[in-house]
Each structure stands twice: as C-alpha cells, then as structure tokens.
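Working notes, beginning with the structure itself.
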Amino acid sequence: MRGGTIAFNYIDANGDVVDERIVEQRGNKINLSLRSGCFCNPGASEAAFNLEKESLLEAFESAWQHEAAHGKRKKWDDFLADIGISTSGALRISVGLMSNFKDVHRFLEFSRTFLDTVPTG
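Written out as structure tokens, the structure is:
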C-alpha cells in the first residue's frame, strides 16, 4: 500500500522561492525526512521555472568553457546564477501506512518556521 506524495516549495516573505536545500538541511537537523531536488524528471524544473532553451544552452556552453579553462566543473550555484534562478528544485513529502497524525502535525509545525521569513543557508 502506498500513501500520498506532495511536491511543493516554500515562498519567502519577499515572494521568492526558498532554496530547497536550506529546507532539507533544516529538516535533517530535526530528523524530518523530506526529499529535495528535481526528482529525476527531465524537463520538470525547466517548465516550473519557465527556463528558455536559449538561456540553458548558453549556461551549458559557459559551464563547458569553465571546465576546459579551469579543469573543474563550475559550482552549481554559479550555474544557477547563469540561468537566472537561485534554486532549481522542489521539496517532496510522503505519507504512508506507518504515518500518523503526529507525523503530519510535526511537519506542519516545521513548515510554520518558514512563515514571514527570508531563510538563508
């Protein structure tokens, strides 16, 4: 038996998407299991963040040039900056057979910590 899965992002007090990596790190500190990233769905982030093919091609070209010149890959945050976004994924939580009210309540209390704030790493 499987439970439901919810994919989401938090929006900060300025109306910007909260970096999913920050949320995951905070969840890890209190042993709250959630997933972050693009979830291996080609095209999902591109569609969700309205990324244009041309800007992606330019960013990939810049990344390849950086690797050729420096012998190492460009940092992920620098690549995201090249395409004009600060985050590239979403968060995902799941409930299942072993989940209970306390689990959901704990997650909601965790979510409250992001209300009316601008979280930083």
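Residue 279 in the working numbering is what sits at position 85 of the sequence shown, and the numbering runs on without skipping anything.
Think of the CB as a built atom: it goes at the ideal place given N, C-alpha and C, for glycine as much as any other residue.
Exposed unless 16 or more other CB atoms sit within 10 angstroms - verdict on Glu214: buried
According to DSSP, is Gly197 part of a helix, a strand, or is it coil? coil
Relative to the C-alpha of Ala253, which residue among Glu303, Arg306 and Ala275 is closest? Ala253 has its Cα closest to that of Ala275, out of Glu303, Arg306 and Ala275.
CA nearest to the CA of Phe243, picked from Asp210, Arg300 and Arg286: Asp210
Shortest alpha-carbon distance to Ile279 belongs to which of Asp310, Ala263 and Glu240? Taking each of Asp310, Ala263 and Glu240 in turn and checking the Cα distance to Ile279, the smallest one comes out for Glu240.
Rounded distance between the beta-carbons of Leu285 and Leu245, thought under 8 Å: Contact doesn't hold; Cβ gap of about 19 Å is too wide.
Give the secondary structure of Leu357 by DSSP, where H, G and I count as helix, E and B as strand, and everything else as coil. No information on residue 357 is available, as it lies outside the stretch 195 to 315 that the chain covers here.
Neighbourhood of Lys198 by C-beta distance below 6 Å, restricted to the same chain and skipping five residues each side: Sequence inspection shows Gly at residue 198; the Lys mentioned does not correspond to that position. Cβ neighbours of Gly198 beyond the five flanking positions: Val289.
Beta-carbon separation of Cys234 and Ser282 under 8 Å? no
Below 6 Å CB to CB, which residues in the same chain sit around Gly221 once its five sequence neighbours on both sides are set aside? Leu228
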